[in-house]
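Which chain is which? The protein sequence lines are E and X, in order. Under my numbering, the letters of the first sequence match residues 4 to 176, in that order. Under my numbering, the letters of the second sequence match residues 3 to 268, in that order. Ideal placement from N, C-alpha and C gives every residue a C-beta, glycine not left out. Values in this document were obtained by computation on a predicted structure and should not be read as measured data. The structure appears below as structure tokens.
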Amino acid sequence: METFLLEIALDFALAFLVAACWGVLFGTPVKALYMAGLLGGLGHSVRFVLLELGLGLVGSTLAASVFIGLIGIYAAHKVHNPPVVITMPACITMIPGLYAYRSMLAAIKLSDQSILDKDPNIIPTIAHNAVLTFSLLLTLAVGISISALLFRNKSVRDIRLGKDIFKSKEENI
Amino acid sequence: MEKEKEKDTSETVKANEIADFILDTGAFLMASGAHSGRVWRNCKRIAGRYGYHLNINPTFTGILVSVWDKNDDSNAVTRYKTSPQNLVHLEVLTLISHLSWRIADGITSFADARVELEGIKKQKHYPFWFVAFMVGVSCACLCVLAGGNVVDAGITFLAAMVGSLVKYYITRKNFNQFLAVIVASCATTMIAGADTILGIGKLPEITLATSVLYLIPGVPLINSVIDLLEGYFSASIARSLYAASVLLCIAVGMTLSITLLGISKF
Chain E
4 METFLLEIAL DFALAFLVAA CWGVLFGTPV KALYMAGLLG GLGHSVRFVL LELGLGLVGS
64 TLAASVFIGL IGIYAAHKVH NPPVVITMPA CITMIPGLYA YRSMLAAIKL SDQSILDKDP
124 NIIPTIAHNA VLTFSLLLTL AVGISISALL FRNKSVRDIR LGKDIFKSKE ENI
Chain X
3 MEKEKEKDTS ETVKANEIAD FILDTGAFLM ASGAHSGRVW RNCKRIAGRY GYHLNINPTF
63 TGILVSVWDK NDDSNAVTRY KTSPQNLVHL EVLTLISHLS WRIADGITSF ADARVELEGI
123 KKQKHYPFWF VAFMVGVSCA CLCVLAGGNV VDAGITFLAA MVGSLVKYYI TRKNFNQFLA
183 VIVASCATTM IAGADTILGI GKLPEITLAT SVLYLIPGVP LINSVIDLLE GYFSASIARS
243 LYAASVLLCI AVGMTLSITL LGISKF
């Protein structure tokens, strides 16, 4: 159990760094960088735990990115930024680079007749990795746009305003 | 009730001025990595403040804007503008969002807003050496996350950092951006390939796969899916085409250096 917690902590720390660094690459404002890192770390550890529980790669990535998207609405208020600015670098921590690379490498090998003759499994390799890449990308996009999908045509500021109006009504009573 | 701020509606702006301002804002937002829904919301907020109806057709390569006066149909303009070159800079999204809210609340006047927009356009990105270093760190961390050991991570760090610098220098010389991606990915793979050739790391495959990740056009890729979900099909197609071309260029660069190093070793 302790080693499991340690692994989660390591996962969190690494994903924190990745998200903050991607924030720099994407030009996220300095004040929001730590929030991007926190979101990325949290999301990636959620994915790590779900993977350990055996939810499957696509399922756990979807859950983690939706988690990032929803927490991102709250976090965006904290740092006074639009949610995309922090959820984008946070979701990038789960980008399916390895699968994209594997399908590409297999595709390069496919152009060589002798390698293909030796290993006909190359074609399923390409298909499997390409499908994984695209479904993972789709889940990341769904996670980032979850706020736009659930609160359609509403700005994040209105979501907060809605709460404020509700509160003032209660106080009036 | 606290929402009922004194709104100064005396300020009148001509239709062509507001159209120009919105074109500027929208095209710049889109090039900085905003999805079409965000562009639409920000622009609508600005137009609504001055009593104009607005319709836009964002297509990643450009933006078509139509504004007309709510009270006077003849006071109307339709204009088109090509977007500047795509350079992801999320801080611009924050600044323009704040600006549009201040315009909508009547805090910033139209003349001030124009000056502020010019200021936002000149907003500096992080210094290139800092970005290169951070790119190296992030790719190294991804390498460890994917199961690589310290040696793999070190080589990934070096490869990604050098590649990022190469890309910066080529882009600065105003070469085609796709060419810059090919050369950068080739340089990165050359360095990362050392892991495989020399056989020093634990998982050389991971080193190769994670060191080129900084080139992946994450923002256009994700934005294209968001646009698709929200119904901006033309923008979505243009974005995915752009992202796919960049991905193809990464593959070309990697193929080039893998072939040079010897395909049978990978």
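With contacts defined by Cβ atoms closer than 8 Å, residue 44 of chain E and residue 7 of chain E do not form a contacting pair.
Here residue 60 of chain X carries a strand assignment [DSSP, helix/strand/coil]. Contacts with chain X at 8 Å (Cβ-Cβ) do not include residue 71 of chain E.
Short of 8 Å from the beta carbon of residue 65 of chain X, and not among the five residues preceding or following it, lie these beta carbons of its own chain, in chain order: 25, 28, 29, 32, 41, 58, 59, 82, 83, 85.
A straight line joining the alpha-carbon of residue 39 of chain E with that of residue 95 of chain X spans about 15 Å. Around the C-beta of residue 46 of chain X, 16 or more other C-beta atoms lie within 10 Å, and the residue is accordingly described as buried. Taking residue 215 of chain X as the centre and dropping the five residues before and after it, the same chain places the C-beta of 141, 144 closer than 7 Å to its C-beta, in chain order. In the structure shown, residue 185 of chain X adopts helical secondary structure according to DSSP, grouped into three states.
Around the beta carbon of residue 146 of chain X, a 10 Å sphere encloses 16 or more other beta carbons of the protein chains shown; the residue is thus reported as buried. Beta-bridge annotation (DSSP): residue 55 of chain X is paired with X/70. Residue 201 of chain X sits exposed, since fewer than 16 C-beta atoms from the chains shown fall within 10 Å of its C-beta. Taking the Cα positions, residue 53 of chain X is about 15 Å away from residue 43 of chain X. Separation of the CB atoms of residue 191 of chain X and residue 247 of chain X is rounded to 18 Å, and the pair is thereby denied contact status at 8 Å. Its chain contains 205, 208 as the residues whose beta carbon lies nearer than 7 Å to that of residue 149 of chain X, once the 5 sequence neighbours on both sides are disregarded; these appear in chain order. For residue 122 of chain E, no Cβ of chain X is located within less than 8 Å of the residue's own Cβ.
X/163 is the residue among X/217, X/126, X/163, X/20 whose C-alpha sits nearest the C-alpha of residue 193 of chain X. Between residue 91 of chain X and residue 30 of chain E, the gap from beta carbon to beta carbon is short of 8 Å.
Within the same chain, Cβ atoms closer than 8 Å to the Cβ of residue 169 of chain X are found at 182, 183, 185, 186, 217, the five residues on either side in sequence being excluded.
Among the bridge pairs identified by DSSP, residue 79 of chain X is matched with X/69. Taking all protein chains in view, the Cβ of residue 23 of chain X is crowded by 16 or more other Cβ atoms within 10 Å, so the residue is classified as buried.
Put simply, the CB of residue 173 of chain X is far from chain E, with every gap to its CB atoms at 8 Å or more. Annotated three-state conformation of residue 84 of chain X is strand, per DSSP.
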